[in-house]
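Residue numbers for the sequence shown follow the working numbering, beginning at 2 and rising by one. Glycine is no exception: its CB is placed at the ideal position from the N, C-alpha and C atoms. Given the structure is predicted, the values throughout are model-derived calculations rather than measurements.
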Amino acid sequence: MSDPAGLDDAERVRDACIEAALAGYEDAAMAGLCGEGALEMAISAIRRLDMAEVIGNSDAAAADSTHKP
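Printed below as a string of structure tokens:
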């Protein structure tokens, strides 16, 4: 039996991790770090993610975006 709510949470976490990693890597590359340093910054960005915020505020964020013109 699948858990649709759990799957939704997992997909939000995955998307947030990818977004954080890409942003961290891009910031590091712009700062002139080597590839290894940029990778370390990307991993650090993932580690700093607030999972409660990623999962807990997703419903509120979706509601806010539907009410904006």
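Which same chain residues end up closer than 8 Å to residue i when comparing Cβ atoms and leaving out the 5 residues on each side of it in sequence?
{"i": "I56", "result": "D10, R13, V14"}
{"i": "M42", "result": "G25, Y26, D28, A29, L34"}
Kindly give me the distance between the Cβ atoms of residue i and residue j, rounded to whole angstroms, as I take these residues to be in contact under 8 Å.
{"i": "A46", "j": "A24", "result": "6 Å"}
Residues in the same chain with beta-carbon distance under 7 Å from residue i, minus the five sequence neighbours each way, listed in chain order, please.
{"i": "A17", "result": "L50, V55"}
Could you check where the alpha helix (DSSP H) with residue i kicks off and where it finishes?
{"i": "D9", "result": "5-31"}
{"i": "L40", "result": "36-48"}
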